[in-house]
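What follows is one structure encoded as structure tokens, with my remarks underneath.
2 protein chains.
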Amino acid sequence: MTGSLPTDAIRELDPPARLLMGPGPANAHPRVLRAMSVGLLGQFDPEFTEYMNETMALYRQVFCTKNQQTLMIDGSARSAIEAAMVSLLEPGDKVLVASFGRFGLLLTEIAERCEAEVILLDAPWGTVVPLETIEDAVRQHRPKLVATVHGDTSTTMLQPLDGLGAICRRYDALSFVDATASISGMALETDAWDLDVVSSGLQKCLGGPPGIAPITISDRAAECIRGRRHVERGLGNAAGNGRRIASNYFDLAMIMEYWSPERLNHHTESTTLIYAARECARLVLEEGLAARFARHQTASRAMASGLQAMGLTLYGDATHRMANVTGIEIPGGVDGEAVRKSLRQDFEIEIGTSFGPLKGRIWRIGVMGYNCQKHKVLITLNALETVLRQAGFKLPSGAGPDAALAVYRSVEAA
Amino acid sequence: MTGSLPTDAIRELDPPARLLMGPGPANAHPRVLRAMSVGLLGQFDPEFTEYMNETMALYRQVFCTKNQQTLMIDGSARSAIEAAMVSLLEPGDKVLVASFGRFGLLLTEIAERCEAEVILLDAPWGTVVPLETIEDAVRQHRPKLVATVHGDTSTTMLQPLDGLGAICRRYDALSFVDATASISGMALETDAWDLDVVSSGLQKCLGGPPGIAPITISDRAAECIRGRRHVERGLGNAAGNGRRIASNYFDLAMIMEYWSPERLNHHTESTTLIYAARECARLVLEEGLAARFARHQTASRAMASGLQAMGLTLYGDATHRMANVTGIEIPGGVDGEAVRKSLRQDFEIEIGTSFGPLKGRIWRIGVMGYNCQKHKVLITLNALETVLRQAGFKLPSGAGPDAALAVYRSVEAA
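Chains as they are written, first to last, in numbering that gives the first Met the number 0: chain A, 0 to 413; chain B, 0 to 413.
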């Protein structure tokens, strides 16, 4: 029972000031970090519920939607995926998953655990799924839900979504999109594209920490979920509608009431991460979505130009690259992990590798949110040049940063 | 797509500096708030995985256990309950729930959603469940899991647990305890009491924010969970053991590997809340568990003496009261909600009411973690006296704070 801790053993937090240029998390904006040191409030204090309401209003703008049900799930990005699936799907329901990477496969995994019948459309990694292929499969299988990923960081590809909602409405299916990696960095039009449920996370283009997941839910998806409403024992009577949702924590019928004027008691809201989410959205909307998308696009072009000027080859279908994460084929004869280690240890810069078939085959460099800034693009290219030269890779000296700067100069002159 | 936000509409965070003397969340320690403004790291950066390892080591001490599997679930306290249940229980498994309040009923709710067969031992609210009653039921029903709550804040009662583990081992059952409200405020001996899984949260006696849930898992519970190990598609091959766990997010078999040297990719860890959890535990162990328990015990005695001296009646079985939350019967003729509102609006002090049958019947005053300090006990009693006097309740002037001070004086003199 004694708890004496040698205070020199586990010291005060003092992490290296690392530049996180991997596929995320990226460094959080200083205003978001400061917001997280603000004192707590009780979860039903009127000031806190007002912050919750404000957060809903802000994220409606971020998601480009009028959906009343625009709220936060307390967990990592995948927690919101699971909340959507377990609340929408009953055992035996058909789900069509359009997958083109690791996070598409995650959708199949989560849907299978809901005991749904999964139909997998699996595009080769490095490409996306044509909308016509999706429509053909929807016509053939008539799923209850069509699920896909917007930007799959594992392959750095961006799935076209304009038209997906229309296909789903045509065949009376619901649509789900995981937009964790794209939100606020690339156009995502929830309402204009008729998407039913879109989930996300703060740690990519939103410039916040991982741990809380914004989600938006259309009225028709909300109606489907409310058809399974059961209030938990200890709060109300046990009567309920339909088949009870298999998870208490992810029961969106209850969570929607928690975020409504009813304020049904459910989990204890993560005060600090609500503060963070709210501040992320304030930053996005102060900048404006169009300006933010342009900033990501320019940085992406600059990074791509720099990498190619260094003699490196970008990974995947060039017409469908995400703007915030770039895949680079690791050149023959170069030890990819040694390069990452030197970048980290000598330059305090983190970049990523990838998963499954791409592990050790590509690097992934992220330029997003607070890190989507000219000097961070240039610093990273300079560092990579040094490390690659030391690794014996032949490359034209200075070509990377020069090419990136040229992109910025042309944009600045426009 | 335009995102212009009137900046005067949703302003910079500036919550009232409220004293949170309800059943939790309480105010976080300033060191914990500061830890949450520290810059992020990549989740697989060696410095971050070392912080994860340190957090495991710290919480082994907090939980009084040697369990290797002592880690964090990214979600509110109930997320760890669900992770334990969904990972341990298969459909049809028997669970005995010893319940004495709203959070015991929550255990039945979560177990039922796992399609377990729930046997409910339901003690009258305001009492606890005698261990002999539990043993009789275990002998009769032979459950796979016996689940209970340590301190149930809804009734302010503390369930005796010394002996529970032995009963379970005798009949080859596993034990689960939700210790969210008691951890680091009252003795909790995971190993000495032979408990298999104990879950918790930061926002009560640990003096941290809600949003992340420390959990500890015995070797035999971990073995049971590993019997259902399946690695998700996109990471490895699809072969697995036993019946797949019904949740991906709460799959403890994968989460244990994420927290092991294998560092299997699962969710993206909540960097900021790991920082918070680590700092909470550092504070606990610097103070020492015994000293911390004594601090809570003294504050509880002082608060109880003060309330009784004011002519108020404490709720529930006096021999099993929690040390950190005190229930008070709302006197006849007093509008309980009006009292809470005046405390909040005039004094910036939050206290709670309760749930279900106790809603509007009792107040709950919490004195825990960073708020477990003499001056906060006294300030709260003084404020309550003023508000009750204004509400027309007759009480001896100054008796509350005087009685509380007398308790502190006697302890200080010892």
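Backbone N, C-alpha and C fix where the C-beta goes; we use that ideal spot for every residue, glycine too.
Quick caveat, the model's predicted, so the values are computed rather than measured.
Buried/exposed call for residue i, threshold 16 Cβ in 10 Å
i             : result
residue 400/B : buried
residue 111/A : buried
residue 347/B : exposed
residue 206/A : buried
residue 375/B : buried
residue 389/A : exposed
residue 103/A : buried
residue 45/A  : exposed
residue 171/A : exposed
residue 344/A : exposed
residue 413/A : exposed
residue 123/B : exposed
residue 396/B : exposed
residue 318/A : exposed
residue 260/B : exposed
residue 29/B  : exposed
residue 73/B  : buried
Contacts around residue i, its chain only, beta-carbon distance under 6 Å, and the 5 residues preceding and following it disregarded
i             : result
residue 24/B  : 202 and 209
residue 2/A   : Confidence at residue 2/A is low in this model, with a pLDDT of 46, below 50, so its placement is unreliable and the value that follows should be read with caution. Nothing meets the Cβ criterion.
residue 15/A  : 347
residue 115/B : 88, 92 and 94
residue 217/B : 66 and 195
residue 268/A : 42
residue 310/A : 394
residue 121/A : 98
residue 107/B : 96, 117 and 119
residue 161/A : 192
For residue j and residue i, the rounded distance between their alpha carbons
i             : j             : result
residue 87/B  : residue 223/B : 7 Å
residue 42/A  : residue 51/B  : 28 Å
residue 100/A : residue 159/A : 15 Å
residue 10/B  : residue 368/A : 21 Å
residue 264/A : residue 258/A : 10 Å
residue 280/B : residue 85/B  : 27 Å
residue 304/A : residue 315/A : 15 Å
residue 53/B  : residue 33/B  : 19 Å
residue 416/A : residue 327/A : With chain A running from 0 to 413 in the structure shown, residue 416/A is simply not present.
residue 60/B  : residue 287/A : 48 Å
residue 255/A : residue 47/A  : 16 Å
residue 392/B : residue 331/B : 9 Å
residue 336/A : residue 17/A  : 18 Å
residue 37/B  : residue 38/A  : 15 Å
Extent of the continuous beta strand (DSSP E) to which residue i belongs
i             : result
residue 379/A : Taken as a continuous stretch (DSSP letters only), residue 379/A belongs to no beta strand (DSSP E), being part of the alpha helix (DSSP H) at 373 to 389.
residue 365/B : 361 to 365
residue 146/B : 144 to 148
residue 430/A : The displayed coordinates of chain A run from 0 to 413. Any statement about residue 430/A would go beyond what the structure contains.
residue 107/B : First-last for residue 107/B: 101 to 112, but that is the alpha helix (DSSP H), not the beta strand (DSSP E).
residue 338/A : Note, residue 338/A: premise wrong, no beta strand (DSSP E); alpha helix (DSSP H) at 335 to 346.
residue 71/B  : 68 to 72
residue 175/B : 173 to 177
residue 299/B : Run containing residue 299/B: none in the beta strand (DSSP E); it sits in the alpha helix (DSSP H), 288 to 308.
residue 244/B : Neither: residue 244/B is in no beta strand (DSSP E) and is coded neither H nor E.
residue 121/A : 116 to 121
Extent of the continuous alpha helix (DSSP H) run through residue i
i             : result
residue 164/A : 163 to 169
residue 31/B  : 29 to 34
residue 80/B  : 76 to 87
residue 137/B : 130 to 140
residue 9/A   : No alpha helix (DSSP H) holds residue 9/A; DSSP gives it neither H nor E.
Contacts around residue i, its chain only, beta-carbon distance under 7 Å, and the 5 residues preceding and following it disregarded
i             : result
residue 228/A : 239, 240 and 252
residue 382/B : 342, 346 and 348
residue 134/A : 166
residue 247/A : 231
residue 410/B : 297
Supposed contact pair residue j and residue i - C-beta distance, whole angstroms, cut 8 Å
i             : j             : result
residue 130/A : residue 163/A : 7 Å
residue 403/B : residue 301/B : 4 Å
Residue i: CB within 7 Å of a non-hydrogen atom of the ligand ATP
i            : result
residue 61/B : In the structure on display, the ligand ATP does not appear, and there are no ligands present to speak of.
8 Å Cβ shell around residue i - same chain, five flanking residues per side excluded
i             : result
residue 245/B : 85 and 113
residue 0/B   : In this prediction, residue 0/B has a pLDDT of 38, which is less than 50 and means its spatial position is unreliable; nothing more can be read from the coordinates.
residue 20/A  : 348, 349, 350, 364, 365, 366, 370, 375 and 379
residue 75/A  : 200, 209, 210 and 212
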